[in-house]
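Visitor: Mapping of the sequence shown onto the working numbering: residues 1 to 457, in sequence order.
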Amino acid sequence: MVTIELVYDRGTIILKPTAGIEVPRFFKFDRRVNVFRAFALHYLDALDFFKKRGYKVADYVLKPIEGNLTVIRKPKLRDYQREALKAWLKAGSKGVIILPTGSGKTIVALAAMMYHKCPTLIVVPTLELMDQWESKIRKFFKTDIGRYGGGKKKLGFVTISTYDSAYINAEILGNKFKLLIFDEVHHLPSSGYRQIAELNAALYRLGLTATPEREDGLHVNFPYLIGKIVYYKGVKELSGEYLANFEVITIKVKLKDEERRKYRLLVKKYKDYLRRHGIRIRSLKDFESIIMKSGLDKEAREALLAWREARKIAFNASEKMRVLRELLAKHRGDKIIIFTENTEMVRRISEELLIPEITYKTDDNERKAVLEGFRSGKFRAIVTSRVLEEGVDVPDANIAIILSGTASKREFIQRLGRVLRPKDRRAILYELITTRTKETKISRKRKKALGDVNVTL
1 MVTIELVYDR GTIILKPTAG IEVPRFFKFD RRVNVFRAFA LHYLDALDFF
51 KKRGYKVADY VLKPIEGNLT VIRKPKLRDY QREALKAWLK AGSKGVIILP
101 TGSGKTIVAL AAMMYHKCPT LIVVPTLELM DQWESKIRKF FKTDIGRYGG
151 GKKKLGFVTI STYDSAYINA EILGNKFKLL IFDEVHHLPS SGYRQIAELN
201 AALYRLGLTA TPEREDGLHV NFPYLIGKIV YYKGVKELSG EYLANFEVIT
251 IKVKLKDEER RKYRLLVKKY KDYLRRHGIR IRSLKDFESI IMKSGLDKEA
301 REALLAWREA RKIAFNASEK MRVLRELLAK HRGDKIIIFT ENTEMVRRIS
351 EELLIPEITY KTDDNERKAV LEGFRSGKFR AIVTSRVLEE GVDVPDANIA
401 IILSGTASKR EFIQRLGRVL RPKDRRAILY ELITTRTKET KISRKRKKAL
451 GDVNVTL
């Protein structure tokens, strides 16, 4: 019987020797060192391939972190969480589970950890989520917890890392864990982050998200990177019993005469450019081509600036501030999160209405103070620009107001998810739309994204 060796090397598997044996197609010949090499992702595929052909395998790939996981209390699973876990296990402990924000995706992951009790790497997009995961793990398990991110670099039997840190250290982490958990897994297929999965030999892989689709279509790579979608439950299926009952209310506002005049001129300038150059915007890629041209082409740059300014006028219509004041007065006793597309509008709302703000410029201490004040009830409302869509636990908020935003399905559903956690009060999401602008089309796309949700106009 022929004996071959599989050796881990910086996120890849090296095959030794290769003379006289059949080599699987996912191995590529590395002429620099005269060996066949494959991404560590293919570790199990390689084992299966060689064992089926009768080769004896000397396996030097995994060197998992030593330790143990002691269960302090068992996670209590709801029916759908139990179904999700069962579907994942049936798929070989690989795949993506899709559940709405607030429905307990983390509990499913904790149950998966309890089932396998093996070295685990948990990858999350934010430092806040690192803290939340650590808190949950300590609640259910006794184990050594490591952290990669936020200036920390410590390995543990269970290690929590940001996507950035896991990507930077992918070659180091690649053979130290048997279970990978990707929270907000829609981040994973990007050109850089995908290497976290490709350079890792973990036997089991679990992805969690409420919104798997990406605008660039790269979500089609889930089966390759982590496994297929094994379980899905939508918002409407869980609202009422497990999530708050809710409604989406659209409020239409008009541009003032001067705003309308400027908007029309800017849109005309942009469309005239497209027409002169025979450009049709049918996809994100088409629009990106204009952005690329704008670096060297003055006309393209001016057209792009006109598009941005027109968009800004529609998003920041002055009439929206009047409606916002009315909504804040109407919901004086509620907990409210206000979402806008840009930081300029956030600052205006914060200064004029004395509402705490959180943007990408807000430092960690201030951010934590604002969120804690919101949770405790010290602040009844906060305003933000695209930084609280995911990774922030605000369980008692029941009103969301979208002053402006993109057509992204993910963004819209995640904003809705901020107010869907179980509660006695009905949750409401208001979206303010400027009529006779691109915002009307954006609103239609967002409603389509929600599918079976009850929408009132």
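Yeah, the Cβ is synthetic: ideal placement off N, Cα and C, and Gly gets one too.
Do you know offhand how far V253's Cα is from Y430's?
Guide: Taking the straight line joining both Cα atoms gives about 13 Å.
Visitor: Can you list, in chain order, the stretches of the beta strand (DSSP E) that have 3 or more residues and sit fully within the stretch 85 to 156?
Guide: Here the runs fully enclosed are 94 to 98, 120 to 124, 145 to 149 and 152 to 154.
Visitor: Assuming R205 is part of the beta strand (DSSP E), what are its boundary residues?
Guide: Here the beta strand (DSSP E) through R205 covers Y204 to T209.
Visitor: If you drop the 5 nearest sequence neighbours on each side, which residues of the same chain put their C-beta closer than 8 Å to that of E351?
Guide: Contacts found: none.
Visitor: In this structure, does DSSP put S239 in helix, strand or coil?
Guide: The answer is strand: DSSP assigns S239 an E or B state.
Visitor: Decide if the stretch 137 to 144 is in contact with the stretch 183 to 190; the criterion is three or more beta carbon pairs, one per stretch, under 8 Å apart.
Guide: No, they do not touch.
Visitor: Assign T440 to one of three DSSP states: helix, strand, or coil.
Guide: If DSSP states are grouped into helix, strand and coil, T440 belongs with the helices.
Visitor: So, under 8 Å CB-CB, Y360 and A310 are touching, yes? Tell me the CB distance rounded to an integer number of Å.
Guide: About 24 Å; that fails the 8 Å criterion.
Visitor: Between the alpha carbons of L15 and E5, how many angstroms are there, rounded?
Guide: For L15 and E5, the distance between alpha carbons rounds to 6 Å.
Visitor: Give the DSSP-derived three-state secondary structure of K15 in the structure shown.
Guide: First, the residue type needs correcting, since residue 15 is Leu and not Lys in the sequence shown. Three-state result, L15: strand.
Visitor: Decide yes or no for the touch test of the stretch 160 to 178 against the stretch 125 to 134: beta carbon pairs closer than 8 Å, at least 3 of them.
Guide: Taking 8 Å as the limit for Cβ pairs, the verdict is that the stretch 125 to 134 does touch the stretch 160 to 178.
Visitor: Checking 8 Å against the spacing of the C-beta atoms, do L206 and A112 come in under that value?
Guide: Yes, Cβ-Cβ distance for L206 and A112 is below 8 Å.
Visitor: Per DSSP, what kind of secondary structure is T70 in: helix, strand or coil?
Guide: T70: strand per DSSP, three-state reduction.
Visitor: Within the same chain, show all residues whose beta-carbon is closer than 6 Å to that of A306, passing over the 5 residues directly before and after it, in chain order.
Guide: Around A306: L266, K269 and Y270.
Visitor: Quick check on A407: does DSSP put it in helix, strand or coil?
Guide: Here A407 scores only 49 on pLDDT, less than 50, and its place in the model should not be relied on; the value that follows carries that caveat. Of the three classes helix, strand and coil, the one that applies to A407 here is coil, per DSSP.
Visitor: Just mark I290 as buried or exposed, buried being the case when its beta carbon has 16 or more other beta carbons within 10 Å.
Guide: Counting Cβ neighbours within 10 Å, I290 comes out buried, since at least 16 surround it.
Visitor: Of the residues N169, F29 and D9, which one's Cα is nearest the Cα of T18?
Guide: Selected option, being the one with the closest Cα: F29.
Visitor: Would you call K105 buried or exposed, if buried means 16 or more other Cβ atoms sit within 10 Å of its Cβ?
Guide: Label assigned to K105: buried.
Visitor: Just how far apart, CA to CA, sit P64 and L121?
Guide: Distance between the alpha carbons of P64 and L121 is about 11 Å.
Visitor: Taking all protein chains shown into account, do 16 or more other C-beta atoms lie within 10 angstroms of the C-beta of L354, making it buried, or fewer, making it exposed?
Guide: It is exposed - the Cβ of L354 has fewer than 16 other Cβ atoms within 10 Å.
Visitor: Between the alpha carbons of T434 and Y80, how many angstroms are there, rounded?
Guide: T434 and Y80: Cα-Cα distance of roughly 39 Å.
Visitor: Should K176 go down as buried or exposed, given a rule of 16 or more other Cβ atoms within 10 Å for buried?
Guide: K176 is buried by the Cβ-count criterion.
Visitor: Pull up the DSSP beta-bridge partners for S161, would you.
Guide: DSSP output for S161 lists V123 and Y148 as bridge partner(s).
Visitor: Using DSSP with H/G/I as helix, E/B as strand and the rest coil, what is S191?
Guide: Coil.
Visitor: In the structure shown, what three-state DSSP assignment does D79 receive?
Guide: In the structure shown, D79 sits in a helix (DSSP, three-state: H, G or I).
Visitor: How is the alpha helix (DSSP H) around V346 delimited, first residue to last?
Guide: It spans T343 to L353 - the alpha helix (DSSP H) in which V346 sits, taken as one unbroken run.
Visitor: Considering only DSSP beta bridges, list what R31 is partnered with.
Guide: DSSP, once it has assigned bridges, lists no residue as partnering R31.
Visitor: I need the DSSP call for K320, collapsed to helix, strand or coil.
Guide: Helix, per DSSP.
Visitor: Residue range of the alpha helix (DSSP H) that D364 falls in?
Guide: Its alpha helix (DSSP H) spans residues D364 to S376.
Visitor: Would the stretch 197 to 206 and the stretch 81 to 97 be scored as touching if the rule is three or more Cβ pairs under 8 Å?
Guide: Yes, the stretch 197 to 206 touches the stretch 81 to 97.
Visitor: Identify, in the order they occur along the chain, each residue of the same chain with its Cβ nearer than 6 Å to the Cβ of L403, setting aside the five sequence neighbours on each side.
Guide: Excluding sequence neighbours, L403 sits near K320, T340 and L432.
Visitor: Here's the rule: buried if 16 or more other CB atoms are within 10 angstroms of the residue's CB, otherwise exposed. What is E241?
Guide: Classification of E241: exposed, given that the 10 Å Cβ count is below 16.
Visitor: Three-state secondary structure (DSSP) at A306?
Guide: Of the three classes helix, strand and coil, the one that applies to A306 here is helix, per DSSP.
Visitor: DSSP puts K484 in a beta bridge; with which residues?
Guide: Coverage of the chain is limited to positions 1 through 457, which leaves residue 484 absent and any answer about it impossible.
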